[in-house]
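Read through the structure below, which is laid out as structure tokens, and then see the notes.
Residue numbers (our numbering), protein chains in the order written: chain D, 19 to 416; chain F, 165 to 373.
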């Protein structure tokens with residue numbers, strides 16, 4: 019049998035030194051931001067019952083879940099997402115709590131990705147969930163938090179908004195099977211114009227099919243709304259469009275950065291439990307979105323508690339990758355002092371080191387049996403000062 | 165000037181057809197024509213940078229966003245899938261996926277599970293899944309036509325252009341699986357963050373197809 023005792027599983031990695039600092043800095047920044055807006059942290063188990071993610075609407079295809087069994091043989095999964103566990107908690111322990119509830123989290127999610135593609139199976143997500151408000155103010159609150167989160171990394175960013183309701187309304191007018199609807203959705207998601215046109219041509223020409231054909235092209239800035247208004251055949255859709263336009267204008271004003279807020283009416287991802295507003299965030303230099311979120315008014319009701327909600331998750335690994343690529347690599351904090359104990363004076367040395375630490379310095383104890391080795395170590399590690407402790411007391415050396 | 169748009173081209177015929185298309189758009193493709201062994205080549209007047217890669221790698225580079233766009237066959241897209249935008253059917257590189265057997269062989273008869281040899285296991289699996297047919301799929305790297313001749317497989321799913329190879333080896337197409345042509349794909353973030361430039365290029369391409 020082969021031993022795998024020297025490597026980590028595909029899609030996982032060890033983080034060292036600067037990599038850890040980058041990651042923790044991102045997490046710290048985000049948590050400070052979330053908490054300053056009144057979000058409380060929630061920590062959910064890394065292991066959940068498969069059933070939590072196997073609701074009627076299967077948001078997570080089972081082939082992408084890490085599964086195992088508990089001691090009773092029941093099927094468990096490694097948490098593939100944090101929103102659904104939080105929805106579970108809200109629908110159970112917090113059913114009688116006063117609304118709105120505001121939670122933030124920072125935890126790892128696990129999904130199987132195809133091997134040898136350079137993707138991680140283990141992703142740290144930091145995000146917020148705002149539960150119990152249908153108001154536009156709630157959408158704006160989440161959008162502005164996402165903007166501030168993206169802005170905090172000091173890189174060029176863009177936040178995109180969309181609304182799943184437009185697609186849902188349009189296809190609801192088509193008298194075709196769910197299968198065909200799913201194919202239409204897939205082609206819109208992939209902005210696959212040739213296939214979308216071919217498929218819709220088989221359904222005849224109507225204002226509905228015409229609007230669906232244009233949907234994936236409706237992305238960009240302000241001009242999208244003008245184009246969309248001409249196309250949309252339905253009062254319901256016009257209403258959604260007006261709502262989205264208002265949110266877009268408000269978001270532009272909140273963000274106050276030219277071109278940073280965009281709109282895409284063709285955002286129709288499958289694994290989404292979103293029912294209304296959708297948001298995506300991008301950083302220049304990263305090939306995938308780093309923020310993903312939206313309104314999910316029906317998800318918590320699948321756990322038996324009908325309450326609206328909106329939120330987003332940020333891919334911490336993705337952000338770390340961009341920061342590292344841009345070379346903003348922080349160095350490890352150096353120790354200020356190395357304390358060397360002459361044999362027999364160990365206790366005195368440990369006490370002396372603690373006194374320095376109490377002054378706020380970073381202090382290491384030398385783990386060498388001669389002073390020269392300790393000095394060589396201090397040189398190598400760029401520690402400015404070596405303190406020698408002997409029977410007579412302290413002797414500082416630069 | 166902005167950083168150039170990086171576009172990965174599938175080496176070989178699709179590369180030549182794409183360069184031909186770029187020249188029709190009025191871009192100076194001398195550097196690509198006289199590439200030698202270089203793999204990254206500039207088209208300065210289009211503010212483009214061409215990357216030459218194998219078909220599967222075109223998708224990989226575009227998915228990761230290290231290339232903004234790519235030109236790749238629908239065959240590769242169907243086999244690999246992935247997350248990117250599939251924007252334009254370029255119309256060249258036309259051929260098809262087809263199911264072929266030895267001439268006169270009655271593929272759909274009997275209850276035995278059929279064995280399929282192919283370079284495209286995912287395409288084959290999906291095709292037969294849709295029919296509700298269990299099949300055994302064997303991946304072959306080279307000339308797939310050999311497998312039915314050597315009686316390893318009952319049929320093959322492969323790319324068919326003219327059908328000459330099939331005919332010369334006593335095989336025939338019994339069913340078309342899907343049409344194939346070259347596609348222009350784009351990274352999902354690049355399309356958003358460089359919308360104006362990419363949009364201009366696509367419009368220009370569509371006018372000249």
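Every residue gets a Cβ at the ideal spot worked out from N, C-alpha and C, and that includes glycine.
Nothing here was measured: the structure is a model prediction, and the numbers come from that model.
In chain F, which residues lie less than 7 Å from residue i when you measure between Cβ atoms?
i             : result
residue 208/D : 249 and 250
residue 304/D : 229 and 353
residue 493/D : Nothing about residue 493/D can be read from this structure; chain D reaches only from 19 to 416.
residue 176/D : 356 and 357
residue 180/D : Those do not exist, as residue 180/D stays about 11 Å from chain F at its closest Cβ, beyond 7 Å.
residue 136/D : 228
Within 10 angstroms of the Cβ of residue i, are there 16 or more other Cβ atoms? Answer buried if so, exposed if not.
i             : result
residue 225/F : buried
residue 157/D : buried
residue 304/D : buried
residue 178/D : buried
residue 166/F : exposed
residue 224/D : exposed
residue 202/D : buried
residue 239/F : buried
residue 201/F : exposed
residue 298/D : buried
residue 231/F : buried
residue 27/D  : exposed
residue 387/D : exposed
Is there a Cβ of chain D sitting closer than 8 Å to that of residue i, yes or no?
i             : result
residue 222/F : no
residue 253/F : yes
With 8 Å set as the bound, which would you pick, yes or no: does the beta-carbon of residue i sit closer than that to a beta-carbon of chain F?
i             : result
residue 224/D : no
residue 171/D : no
residue 345/D : no
residue 212/D : yes
residue 300/D : yes
residue 237/D : yes
residue 276/D : no
residue 312/D : no
Relative to the C-alpha of residue i, which candidate in the options has its C-alpha closest?
i             : options                       : result
residue 367/F : 352/F, 353/F, 354/F and 348/F : 348/F
residue 77/D  : 101/D, 86/D and 92/D          : 101/D
residue 308/D : 317/D, 268/D and 341/D        : 341/D
residue 391/D : 55/D, 360/D, 115/D and 240/D  : 360/D
residue 189/D : 213/D, 221/D and 163/D        : 221/D
residue 198/F : 212/F, 183/F and 297/F        : 183/F
residue 75/D  : 381/D, 320/D, 393/D and 345/D : 320/D
residue 72/D  : 106/D, 42/D and 91/D          : 106/D
residue 401/D : 407/D, 414/D and 409/D        : 414/D
residue 354/D : 272/D, 403/D, 224/D and 287/D : 403/D
residue 163/D : 312/D, 52/D and 287/D         : 52/D
residue 129/D : 109/D, 118/D, 56/D and 29/D   : 29/D
residue 41/D  : 296/D, 337/D, 248/D and 367/D : 337/D
residue 304/F : 364/F, 282/F, 333/F and 315/F : 282/F
residue 241/D : 197/D, 213/D, 374/D and 279/D : 279/D
residue 358/D : 377/D, 389/D and 334/D        : 389/D
residue 150/D : 244/D, 214/D and 313/D        : 313/D
residue 396/D : 382/D, 269/D and 408/D        : 382/D
residue 268/F : 296/F, 331/F and 358/F        : 331/F
residue 166/D : 198/D, 44/D, 335/D and 294/D  : 44/D
residue 356/F : 289/F, 233/F and 246/F        : 233/F
residue 209/F : 194/F, 217/F, 274/F and 221/F : 194/F
Against residue i, what residues of chain F qualify as contacts under a CB-to-CB distance less than 9 Å, listed in chain order?
i             : result
residue 131/D : In chain order: nothing, as chain F lies at least about 11 Å away.
If you drop the 5 nearest sequence neighbours on each side, which residues of the same chain put their C-beta closer than 7 Å to that of residue i?
i             : result
residue 242/F : 287 and 342
residue 147/D : 101, 104, 121, 327 and 329
residue 259/F : 323, 324, 325 and 344
residue 84/D  : 95, 96, 128 and 130
residue 320/F : 264, 280, 281, 282, 308, 309, 311 and 312
residue 339/D : 304
residue 32/D  : 26
Sorted by chain position, which residues of the same chain lie with C-beta nearer than 8 Å to residue i's C-beta, five sequence neighbours on each side aside?
i             : result
residue 350/D : 35, 36 and 39
Within the same chain, show all residues whose beta-carbon is closer than 6 Å to that of residue i, passing over the 5 residues directly before and after it, in chain order.
i             : result
residue 174/D : 302
residue 254/D : 187
residue 299/F : 278, 280 and 292
residue 256/D : 250
Residue i touches chain F at which residues, Cβ-Cβ below 8 Å?
i             : result
residue 307/D : 352 and 353
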